[in-house]
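Novice: Using the numbering used here, the letters of the sequence shown correspond one by one to residues 8 to 392. Cβ atoms here follow ideal geometry from the backbone N, Cα and C, with glycine treated the same way.
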Amino acid sequence: MIKKIICLFFIVLLFSSCANETRGLLDEQFDTEVYLADYDAKNGFLNGDAGMDRYGSVYYYSFMYGSPWIYYYDAASGVGGKLCGKPECVHMDQDCNAYHIDGDFCIYDGQLYYTEGSLMGKYLYRMDLTGSQREKVQSGIHSDIFIHRGYIFSSETQEVTKKGEASQIYTLYQDVLGQEGQSKVILEVQASVVSKVFYQVQGNKVYIMPISRSSEERTADIYEYNITTQKIKKLYSWKSNETPSGFVLEEDGLRILTGEKNRETEIRTVRLYKFYFEDGTMSEAQLVAEADGSLSSRLGQNHALVFVSAGYQVKESTFIAESFAGDEVYNGTLTSTVGQELWNVIHMGGDETGEYFTYSETSSVETSNFQLYRWSSEKGVEILG
Ligand SMILES: [Zn+2]
Numbered sequence: 008m009i010k011k012i013i014c015l016f017f018i019v020l021l022f023s024s025c026a027n028e029t030r031g032l033l034d035e036q037f038d039t040e041v042y043l044a045d046y047d048a049k050n051g052f053l054n055g056d057a058g059m060d061r062y063g064s065v066y067y068y069s070f071m072y073g074s075p076w077i078y079y080y081d082a083a084s085g086v087g088g089k090l091c092g093k094p095e096c097v098h099m100d101q102d103c104n105a106y107h108i109d110g111d112f113c114i115y116d117g118q119l120y121y122t123e124g125s126l127m128g129k130y131l132y133r134m135d136l137t138g139s140q141r142e143k144v145q146s147g148i149h150s151d152i153f154i155h156r157g158y159i160f161s162s163e164t165q166e167v168t169k170k171g172e173a174s175q176i177y178t179l180y181q182d183v184l185g186q187e188g189q190s191k192v193i194l195e196v197q198a199s200v201v202s203k204v205f206y207q208v209q210g211n212k213v214y215i216m217p218i219s220r221s222s223e224e225r226t227a228d229i230y231e232y233n234i235t236t237q238k239i240k241k242l243y244s245w246k247s248n249e250t251p252s253g254f255v256l257e258e259d260g261l262r263i264l265t266g267e268k269n270r271e272t273e274i275r276t277v278r279l280y281k282f283y284f285e286d287g288t289m290s291e292a293q294l295v296a297e298a299d300g301s302l303s304s305r306l307g308q309n310h311a312l313v314f315v316s317a318g319y320q321v322k323e324s325t326f327i328a329e330s331f332a333g334d335e336v337y338n339g340t341l342t343s344t345v346g347q348e349l350w351n352v353i354h355m356g357g358d359e360t361g362e363y364f365t366y367s368e369t370s371s372v373e374t375s376n377f378q379l380y381r382w383s384s385e386k387g388v389e390i391l392g
């Protein structure tokens with residue numbers, strides 16, 4: 008009899024541990040580490056400076072800085088414009104379906120999701136990919152959204168003052184798409200400043216890298232969140248004078264690009280690193296570029312991208328792309344064709360077709376007319392819609 012009870016006990020234990028292993032999956036089809044085109048966030052666009060996503064041959068983008076519009080560009084037909092399917096709309100005011108002041112959006116299961124509302128609480132909306140059928144989905148969502156395998160990931164950074172000392176708390180939330188009130192805190196980081204957070208996904212794992220600073224120390228921590236077990240673990244804690252400007256997921260680890268400015272000489276140095284999953288180590292630094300203050304850098308899918316601007320109001324930057332192996336694969340220019348007061352290059356993200364850019368400019372919301380660029384090692388710089 009005792010044997011039977013013990014047997015039964017182990018059978019129950021076995022079943023409950025099996026259930027635990029898949030408890031975070033919202034659907035049977037997500038029980039795979041293989042990329043699911045309709046349900047997985049796209050790493051190449053999670054790393055960009057502004058909102059961009061893709062469905063088939065159509066790219067959707069929004070610039071955030073000074074422009075509230077969501078645009079589309081169909082790479083197959085060359086047609087693009089503001090994303091609005093409203094009949095007789097002139098696409099000039101807030102009633103236009105392409106008007107989203109947040110500029111924060113993503114594509115999931117053939118629909119475009121975006122947030123609107125105050126910092127206190129946002130609503131999630133969706134519409135179809137022609138800019139029609141706009142509807143409210145749910146409340147209680149925060150900023151910087153992406154949707155992955157049925158979960159909405161969003162975050163907020165709050166200012167807090169304790170004993171006269173100001174600091175920031177970054178919080179990453181997970182919500183179930185289509186279900187109100189299921190918000191779960193995944194990660195909280197408190198520091199003097201939490202300047203930027205990067206994300207990458209792979210199957211049922213989400214990689215998170217918050218960049219924070221307390222007094223003179225900069226920290227970049229790498230976390231791995233497991234959707235299946237709903238557990239998070241810290242893979243690496245990196246203290247450095249260098250500031251990471253992005254990370255890209257590779258098969259065996261994470262490629263990280265950093266920038267550092269020497270305060271005395273004003274020289275900026277760009278370096279590449281690799282974090283290896285297998286043994287949890289960070290590689291030695293690999294020098295990418297070194298120049299004076301006008302240098303900026305971004306991380307592409309397969310390249311380190313470096314821009315050297317000739318100065319304020321100059322419409323041209325020297326643009327260099329270097330492979331992760333350290334080979335210079337492109338050295339040319341990126342020239343703007345629009346606007347008067349151009350300054351920063353904005354990297355929208357990239358995919359297997361290339362890396363996407365625009366310039367930020369200071370013209371008004373109504374007249375702003377952004378130019379989209381694509382760079383690829385095969386075709387160089389192309390001007391798109
Ligand atoms: Zn419109």
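Tell me the DSSP secondary structure of Ile-390 in three-state form.
Specialist: strand
Novice: Nearest to Ala-292 by CA position, among Gly-339, Gly-31, Gly-307, Thr-276, is which residue?
Specialist: In this structure, Thr-276 is the residue among Gly-339, Gly-31, Gly-307, Thr-276 with its C-alpha nearest to the C-alpha of Ala-292.
Novice: Relative to the alpha-carbon of Ala-198, which residue among Ala-227, Gln-308, Lys-129 has its alpha-carbon at the smallest distance?
Specialist: Ala-227
Novice: Any heavy atom of ligand 1 inside 7 Å of the beta-carbon of Asn-104?
Specialist: Asn-104: yes, Cβ under 7 Å from ligand 1.
Novice: Return yes when the Cβ of Leu-279 is within less than 8 Å of the Cβ of Leu-264, no when it is not.
Specialist: yes
Novice: Could you tell me the distance, in whole angstroms, from the CA atom of Thr-182 to the CA atom of His-354?
Specialist: Before going on, a small fix: residue 182 reads as Asp here, not Thr. Those two C-alpha atoms are separated by around 28 Å.
Novice: Kindly examine ligand 1 and report whether one of its heavy atoms sits closer than 7 Å to the Cβ of His-98.
Specialist: yes
Novice: Less than 8 Å between the beta carbons of Gly-339 and Gly-307, yes or no?
Specialist: Gly-307 is positioned such that its CB atom lies no closer than 8 Å to that of Gly-339.
Novice: Terminal residues of the continuous alpha helix (DSSP H) containing Leu-194?
Specialist: Unbroken run through Leu-194 is the beta strand (DSSP E), 191 to 198; no alpha helix (DSSP H).
Novice: Suppose the cutoff is 6 Å on Cβ atoms and the five residues either side in sequence are ignored; what does the same chain contact list for Gly-210 look like?
Specialist: Glu-40
Novice: Can you check whether the CB of Ala-57 is closer than 8 Å to the CB of Tyr-67?
Specialist: no
Novice: Taking 8 Å as the threshold (C-beta atoms), are Gly-110 and Pro-75 in contact?
Specialist: yes
Novice: What residues match up with Pro-217 in a beta bridge as DSSP calls it?
Specialist: Val-204
Novice: List the DSSP bridge partners of Ala-311.
Specialist: Bridge partners of Ala-311: Leu-306, Glu-329.
Novice: Quick check on the DSSP output: the alpha helix (DSSP H) that includes Asn-104 runs from which residue to which?
Specialist: Note, Asn-104: premise wrong, no alpha helix (DSSP H); not H, not E.
Novice: Using only alpha-carbon positions, find the residue among Asp-81, Arg-133, Ser-125 that is nearest to Ala-105.
Specialist: Arg-133
Novice: To the nearest whole angstrom, what separates the beta carbons of Asn-50 and Val-208, a pair I think is in contact under 8 Å?
Specialist: 6 Å
Novice: Just verifying my parser: in three-state terms, what is the DSSP assignment at Gly-210?
Specialist: coil
Novice: With a Cβ-Cβ cutoff of 8 Å, do Gly-253 and Arg-220 count as a contact?
Specialist: No, the Cβ-Cβ distance between Gly-253 and Arg-220 is not below 8 Å.
Novice: Run the CB neighbour count on Met-99, radius 10 Å, all protein chains shown included, and call it buried at 16 or more, exposed below.
Specialist: exposed
Novice: For a quick check, are the C-beta atoms of Leu-261 and Ile-215 less than 8 Å apart?
Specialist: no
Novice: Taking buried to mean at least 16 other C-beta atoms within 10 Å of its own C-beta, is Pro-94 buried or exposed?
Specialist: Under this definition Pro-94 is an exposed residue.
Novice: Give me the Cα-Cα distance between Glu-166 and Glu-123, rounded to the nearest whole angstrom.
Specialist: Going from the Cα of Glu-166 to the Cα of Glu-123 covers about 21 Å.
Novice: Which value, in whole angstroms, describes the spacing of the CA atoms of Ser-283 and Leu-53?
Specialist: Before going further, note that residue 283 is Tyr rather than Ser in the sequence given. Roughly 20 Å between the two C-alpha positions.
Novice: Is DSSP giving Gly-185 helix, strand or coil here?
Specialist: Three-state DSSP puts Gly-185 in coil, outside helix and strand.
Novice: Taking the DSSP output, what are the residues bridged to Cys-113?
Specialist: Tyr-120
Novice: Measuring only the C-alpha atoms, how far is Ser-247 from Tyr-115?
Specialist: 36 Å
Novice: Which residue marks the beginning of the beta strand (DSSP E) containing Phe-160, and which one marks its end?
Specialist: 158 to 169
Novice: For Leu-43, count neighbouring Cβ atoms within 10 angstroms of its own Cβ and tell me buried if that reaches 16, exposed if not.
Specialist: exposed
Novice: On the CB-based measure, 16 or more other CB atoms within 10 Å of its CB, does Leu-379 come out buried or exposed?
Specialist: buried
Novice: At 3 residues or longer, what runs of the beta strand (DSSP E) sit wholly inside the stretch 271 to 300?
Specialist: 275 to 283, 293 to 298
Novice: Below 8 Å on the Cβ atoms is my contact criterion, and I expect Pro-217 with Val-204 to pass it. Report the Cβ-Cβ distance as a whole number of Å.
Specialist: The pair is a contact, with the Cβ atoms about 5 Å apart (cut-off 8 Å).
Novice: With 16 as the cutoff for other CB atoms within 10 Å, does Thr-138 come out buried or exposed?
Specialist: The amino acid occupying residue 138 in the given sequence is Gly; Thr does not appear at that position. Gly-138 should be labelled buried.
Novice: What three-state label does DSSP hand Leu-349 in the structure shown?
Specialist: Legend: pLDDT at Leu-349 = 49, less than 50; position of this residue unreliable, value from coordinates given subsequently. Three-state DSSP puts Leu-349 in a strand.
Novice: With DSSP as the reference, identify every bridge partner of Ala-227, one or two as the case may be.
Specialist: Ile-218, Trp-245
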